[in-house]
């Protein structure tokens with residue numbers, strides 16, 4: 001890294017800086033408004049989690065009944081935080097990898113505001129009692145066309161940038177970005193049209209919804225997380241991607257397998273059985289892309305060195321990829337035919353959703369945000385400790401939620417299968433796990449309070465001007481991110 | 001990887017499953033064939049048409065808007081998928097596709113934090129003659145209304161069901177007490193709003209213990225082991 005700067009590398013650095021400058025407003029917009037929605041989603045999540053074990057909490061107000069605040073939480077998490085964080089990453093990453101400046105910042109910002117408007121109206125609609133009753137699609141039906149248009153107006157520019165890229169090698173991340181950009185509209189339009197517009201058989205509509213929920217996780221959020229990881233891992237650790245063949249295997253196994261997945265959530269319903277069994281098989285086989293990507297990225301990082309200890313983006317990304325492997329393995333265990341009877345209608349599914357949306361996607365997104373924001377704002381993060389707190393409490397919270405939800409779900413399932421006992425004996429089995437999930441959500445909210453404050457300071461241009469990045473503190477006696485301790489004059493004098 | 005190969009691969013890898021599990025089943029399931037009772041096997045004739053009585057459509061909307069599907073299911077799974085069928089008060093038969101034909105979206109449900117509701121209507125009617133009930137209702141509708149208003153007064157004192165007090169309005173102080181009035185947890189007398197009546201009507205219509213033609217009845221005939 002300490003070689004003499006050549007003309008080519010200086011020109012390259014200038015080009016990168018220009019690209020970053022053009023991306024500042026659109027990308028910061030998506031990250032900050034996404035973070036705001038994450039806050040909203042987590043607050044709604046805590047309320048809905050409390051209501052699971054204390055249903056009388058806030059029940060005087062119809063807006064906070066369990067059946068409205070739970071969908072509001074999921075929809076805010078997915079469309080408010082998830083998609084916006086993903087769009088920020090897609091825009092920045094595709095620009096950088098195609099080496100094209102962002103030429104449509106105005107339109108992207110306008111479309112982003114339209115997205116925010118849609119999500120706001122949708123959430124208010126759900127809470128006020130106009131939800132559609134279709135899981136993860138509860139926004140009143142007038143909203144989705146605007147979200148679809150907004151999405152198209154934002155991502156078309158990334159596709160154009162890819163088309164006009166200077167020819168040559170297409171990098172791994174770009175496969176996943178193109179995949180995600182292409183898969184989302186197809187599953188979103190299919191689901192919304194077949195469920196709300198066209199006359200489909202009611203049970204099959206439910207099946208399409210299950211397919212959509214699965215597709216959103218496996219064909220949008222996880223590919224964006226993987227794209228980010230394949231960029232950050234080699235970039236920050238300074239090592240090339242471990243194996244091209246593994247990268248190919250990881251991508252194509254995901255692309256071929258995962259469009260089949262989802263309908264196993266409707267096992268036992270009156271739909272053709274092959275839809276459910278092939279869905280279960282695909283979900284079980286997700287282990288293949290999960291492990292392929294996991295091994296490839298983690299081998300690239302090589303935990304022997306110091307970089308992964310110091311770099312926030314690498315730490316978050318590596319953890320997100322480990323979560324991906326765990327998600328693959330758990331998915332394999334929980335979706336076999338014998339396991340499904342115990343997990344199908346339990347909170348285990350919520351645990352898996354949290355693992356995918358927060359453990360995998362959000363942690364990788366945080367890694368990307370900690371990497372991208374300094375580059376587009378030309379300021380460094382203010383505090384390594386804030387980042388550290390964000391990391392550790394997110395990790396604790398996620399692990400606990402997943403443990404409580406999956407194990408609690410299995411306990412619920414065992415009770416449900418115990419048909420000789422009356423329903424009441426099965427009913428109360430979940431209570432303690434619901435309480436555990438509530439406590440764990442407080443960890444997650446606490447973690448993100450540090451993140452929101454930190455990001456807000458960066459957004460307000462209050463980051464520190466520096467040429468060296470903010471690193472995670474480790475060990476005692478660390479130097480401050482602002483440079484060595486001590487009197488300024490003494491430092492100047494010693495340098496002279 | 002060449003771009004042409006990538007695009008082709010992407011289209012094929014998504015297009016094939018989209019066609020096989022979405023487009024094709026969508027087309028085929030739009031018009032479900034009617035089934036008739038067989039004179040010999042079922043000892044009756046006629047078309048199998050599960051009765052959907054009451055204000056089903058409006059009630060289904062209230063059910064959806066208030067998120068009941070989050071904690072309640074409406075599917076009794078075959079024995080390869082679960083032990084649902086063995087619970088006698090859940091209808092004792094597997095759900096078939098005709099059960100949902102009046103609705104626009106089948107609320108199969110996400111979790112079973114509360115019991116399955118496929119046969120809820122029949123269960124409530126049986127509760128009226130059950131001396132062990134904690135809440136003594138004078139009519140099935142009153143049982144349902146009180147469950148919506150004060151879930152913990154019903155069979156399960158630890159119920160997770162949220163009290164839907166906003167579906168009820170304060171009763172007028174003047175005039176005779178109405179037949180459908182209830183007492184809420186603050187001790188006030190309330191009566192159901194139209195939304196509560198729609199929802200109750202929908203829930204009362206959920207009955208799955210009628211006769212099913214033998215050709216589509218796959219339920220186990222013998223008792224569970």
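Residue numbers (the working numbering), protein chains in the order written: chain A, 1 to 496; chain B, 1 to 225.
All C-beta atoms in this analysis are idealised placements derived from N, C-alpha and C, irrespective of residue type, glycine included.
Every value quoted in this text rests on a predicted model; they were computed, and no experiment measured them.
- DSSP links residue 380 of chain A through a beta bridge to A/464.
- Looking at the backbone, the Cα of residue 289 of chain A and that of residue 494 of chain A are separated by about 55 Å.
- Excluding the 5 residues flanking it on each side, residue 146 of chain B has same chain C-beta neighbours closer than 6 Å at 135 and 182, in chain order.
- By the C-beta density criterion, residue 362 of chain A is buried, having at least 16 other C-beta atoms within 10 angstroms.
- The region 371-378 of chain A and the region 433-445 of chain A do not touch, with fewer than 3 CB-CB distances between them shorter than 8 Å.
- The C-beta of residue 117 of chain B comes no closer than 9 Å to any C-beta of chain A.
- Against chain B, the beta carbon of residue 68 of chain A has neighbours under 9 Å at 65, 66 and 67, listed in chain order.
- The Cβ atoms of residue 154 of chain A and residue 91 of chain A lie closer than 9 Å to each other.
- Excluding residues up to 5 positions away in sequence, 374 and 380 lie with their Cβ nearer than 7 Å to the Cβ of residue 469 of chain A in the same chain.
- Taking the CA atoms as reference points, residue 19 of chain A sits about 19 Å from residue 227 of chain A.
- Taken atom to atom, the span from the alpha-carbon of residue 217 of chain A to that of residue 322 of chain A is near 16 Å.
- Residue 237 of chain A is positioned such that its CB atom lies closer than 9 Å to that of residue 308 of chain A.
- With respect to chain A, the C-beta atom of residue 217 of chain B has no partner C-beta closer than 9 Å.
- DSSP, read as helix, strand or coil, puts residue 144 of chain B in helix.
- Taking C-beta separations shorter than 7 Å and ignoring five residues to either side along the sequence, the partners of residue 232 of chain A in its chain run 313, 314, 317, 367, 368 and 371, following chain order.
- Cβ contact annotation for residue 36 of chain B (same chain, cutoff 6 Å, sequence separation greater than five): 47, in chain order.
- Counting only Cβ-Cβ distances below 9 Å, residue 131 of chain A has contacts in chain B at 64, 65, 66 and 67, in chain order.
- Proximity of chain B to residue 143 of chain A at the Cβ level (cut-off 8 Å) is not reached, the minimal Cβ distance being about 15 Å.
- When only Cα atoms are considered, residue 166 of chain A and residue 98 of chain A end up about 7 Å apart.
- When the alpha-carbon of residue 100 of chain B is set against those of B/166, B/12 and B/208, the nearest one is in B/208.
- With a threshold of 16 other beta carbon atoms within 10 Å, residue 173 of chain A meets it and is buried.
- Between residue 41 of chain A and residue 452 of chain A, the C-beta spacing is not below 9 Å.
- Burial state of residue 18 of chain B is buried, judged by a 10 Å Cβ sphere holding 16 or more other Cβ atoms.
- Looking from the CA of residue 256 of chain A, the closest CA among A/199, A/179 and A/229 belongs to A/179.
- Counting along the chain, residue 443 of chain A sits inside the alpha helix (DSSP H) bounded by residues 431-459.
- Counted as a single uninterrupted DSSP element, the stretch harbouring residue 97 of chain B is not any alpha helix (DSSP H), since DSSP gives it neither H nor E.
- Scanning the region 203-262 of chain A from its first residue to its last, the whole alpha helix (DSSP H) runs of 4-plus residues come out as 222-237 and 244-257.
- For the region 257-271 of chain A, the residues whose beta carbon sits under 8 Å from a beta carbon of chain B are, in order, 259, 260, 263, 266, 267, 268, 269, 270 and 271.
- In the three-state reduction of the DSSP assignment, residue 168 of chain B falls in the strand class, which pools E and B.
- At a cut-off of 9 Å, the C-beta of residue 76 of chain B has a neighbouring C-beta in chain A.
- Residue ranges of uninterrupted alpha helix (DSSP H) with 4 or more members, entirely inside the region 1-43 of chain B and ordered along the chain, are 3-17 and 24-29.
- Between residue 53 of chain A and residue 69 of chain B, the gap from beta carbon to beta carbon reaches 9 Å or more.
- Listed along chain B, the residues sitting closer than 7 Å to residue 341 of chain A by beta-carbon distance are 81 and 82.
- The beta carbon of residue 215 of chain A lies closer than 6 Å to those of 187 in the same chain, with the five residues before and after it left out.
- According to the DSSP assignment, residue 75 of chain B belongs to no beta strand (DSSP E), since it is labelled neither H nor E.
- Counting only Cβ-Cβ distances below 8 Å, residue 6 of chain B has contacts in chain A at 170, 175 and 178, in chain order.
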